[in-house]
Amino acid sequence: MAIREKHGVHSRVSKMTFEENKPKAFERVNSVESSYRVYDNEKVGIFHCIGEVDDEEGFARAQADPERARPYPFTPESGDVRRRDKRESELSDSELMAASEEYMKYLTDNYPRFTFSGGIRTESIEYTLKNDLGIDYASSDACAGVSIQFKHKDSVDIIDGSFGFNFRKFDDGTIFRTMADLYLGNYETMAELPEEIVIVMQYYGLTGMLQSELNAEGLALGTSRLSGKVGEKVFSEDFSMEHDAGEKEAWFTRFWDGEGCVIPEEKLVLIENGVIKTGISDKRVAKKYNVPHTKSAGHNYADLPYVGGLNLRIKRSEKTVKELLAGRPAIIPMNATGSPMDANGDMSLLVNTSLLWDGERVIGRLPQFRVKANFFDLFGKNFIGVGSDDVKAFNDKAILLRMERV
631 MAIREKHGVH
641 SRVSKMTFEE
651 NKPKAFERVN
661 SVESSYRVYD
671 NEKVGIFHCI
681 GEVDDEEGFA
691 RAQADPERAR
701 PYPFTPESGD
711 VRRRDKRESE
721 LSDSELMAAS
731 EEYMKYLTDN
741 YPRFTFSGGI
751 RTESIEYTLK
761 NDLGIDYASS
771 DACAGVSIQF
781 KHKDSVDIID
791 GSFGFNFRKF
801 DDGTIFRTMA
811 DLYLGNYETM
821 AELPEEIVIV
831 MQYYGLTGML
841 QSELNAEGLA
851 LGTSRLSGKV
861 GEKVFSEDFS
871 MEHDAGEKEA
881 WFTRFWDGEG
891 CVIPEEKLVL
901 IENGVIKTGI
911 SDKRVAKKYN
921 VPHTKSAGHN
931 YADLPYVGGL
941 NLRIKRSEKT
951 VKELLAGRPA
961 IIPMNATGSP
971 MDANGDMSLL
981 VNTSLLWDGE
991 RVIGRLPQFR
1001 VKANFFDLFG
1011 KNFIGVGSDD
1021 VKAFNDKAIL
1031 LRMERV
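This is the structure we're talking about:
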């Protein structure tokens, strides 16, 4: 008996942008994307569309060409009705435009030796999943994001740096002004590179690297740098990481994966006190390699799910970033180019533009420098921690890592 399933996403985006200190454009986009799936005889027919379509037509087109059905020897998930709404407030278009103009005026009035581009973007998304086995899921979220790129008028580079933040509750501009002053106030003051290189950043790019190495297929095939290390202590005692589908700070997360699976309590521990607890898998990888099914399928509206799509969170320290620094300065990289990681996990980073920061204020700008790092050391002996506080430099959590100057 054929089973029908529909995945959907409805997004509404408004964006006000500036270029070289002048208004560039206001854009508003309202989009609907759907994936109709019909499971039958261990195969699935898929029809992916952008825009509105009648459901009966969508399911008919999903099974219109049996020759194009993908092998899928798994039973779709069953469930019930569940809703989650993480929206707190939304900016109207007029509020967005007024805030953008206010922000740009603050920058040009207070920092006339720079040119600025960027703007504000608001986005509201609702994800849905329904099938014939009782699943009726919906997850809604909304936020606004500010992104500013800047260039000093004496610079020959196209962009010298950037700053930005996301928020669910719009404030009176205090966050923006504080961040602008932090990045630009002492930019023209040159500082000396400290002997110990401590990098401070948001950790989202690093979690993507860890997710790739934890793919259970790569672990099974021996192509991951963590192959053969599940159950072993590989990283720092202070380093723990989990998939957290319910994290209040995360943007636009679903509580189900690309195959409709829900992780118990919405959390999956991947690394605990430096020990690799498990790889990540979807149904296909779990069956093919006889590994635990971790319900970690990414969403692919046009094709079969894939391993990934997690919301990874590194455990916070009980200490603030200032306490973790213990009197040392840290470096905020703004314009940097990295080399690919080699088979041993070694990589290098050329930092073109960066700021020296004492945990609260920027001391000055640093000259260009190069550092090297190792994948295992970053989260091992060179891992300092993720602060318990949200620092003003990012209006978000921050990770501290040691790197070696080249």
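Using my numbering, the letters of the sequence shown map in sequence onto residues 631 to 1036.
Don't be surprised by glycine CBs; every beta carbon is placed ideally from N, CA and C.
Just so you know, these numbers come straight off a predicted model, no measurement behind them.
A direct Cα-to-Cα measurement between Tyr936 and Ala927 gives close to 5 Å. Residue nearest to Met727 within the set Glu1034, Phe746, Ile962, Lys645 is Lys645 (criterion: CA-CA distance). DSSP, read as helix, strand or coil, puts Met809 in helix. The Cβ atoms of Gly890 and Leu759 sit closer than 9 Å to each other.
The bridge partners DSSP lists for Glu822 come to none. Exposure of Lys652 is indicated by the presence of fewer than 16 other C-beta atoms within 10 angstroms of its C-beta. Residue environment for Thr837: buried (at least 16 other C-beta atoms within 10 angstroms of its C-beta).
A direct Cα-to-Cα measurement between Ile962 and Phe689 gives close to 50 Å. A residue is called buried when at least 16 other Cβ atoms come within 10 angstroms of its Cβ; Gly675 meets this threshold and is buried.
Distances from the CA of Glu686 to each of Ala1028, Arg667, Lys673 were compared; the closest alpha carbon is that of Arg667.
Straight across, the Cα-Cα distance linking Met809 with Arg691 is about 51 Å.
Val921 carries a coil assignment under DSSP once its states are collapsed to helix, strand and coil. An exposed status is given to Arg1035, since fewer than 16 other beta-carbon atoms sit within 10 Å of its beta-carbon.
Thr647 and Ala774 have their alpha carbons spaced roughly 13 Å apart. Assignment of Lys897 by DSSP, reduced to helix, strand and coil, places it in the strand class.
Setting aside the 5 residues that flank it on each side, Val1001 is surrounded in the same chain by Ile827, Ile829, Ser978, Leu979, Val981, Met1033, Glu1034, Arg1035, Val1036, each with a C-beta closer than 8 Å to its C-beta; the list follows chain order. Within the same chain, Cβ atoms closer than 6 Å to the Cβ of Val1021 are found at Val951, Ala1028, the five residues on either side in sequence being excluded.
In this structure the stretch 896-913 does not touch the stretch 746-754; the number of beta carbon pairs closer than 8 Å is below three.
By the neighbour-count definition (other C-beta atoms within 10 Å, threshold 16), Lys913 is a buried residue.
Between Val639 and Ile755 the beta-carbon gap is near 6 Å, inside 8 Å, which marks them as a contact. About 5 Å separates the Cβ atoms of Leu954 and Leu1030, confirming a contact at the 8 Å cut-off.
With fewer than 16 other beta carbons inside 10 angstroms of its own, Leu851 counts as exposed.
The DSSP-derived three-state label of Asp766 is strand. Distances from the CA of Ser870 to each of Ile893, Val899, Asp887, Asn761 were compared; the closest alpha carbon is that of Val899. The three-state secondary structure of Thr908, taken from DSSP, is coil.
When only Cα atoms are considered, Thr967 and Phe999 end up about 11 Å apart. Shortest Cα-Cα distance from Pro706 to any of Gly791, Val662, Met631, Ser722 involves Met631.
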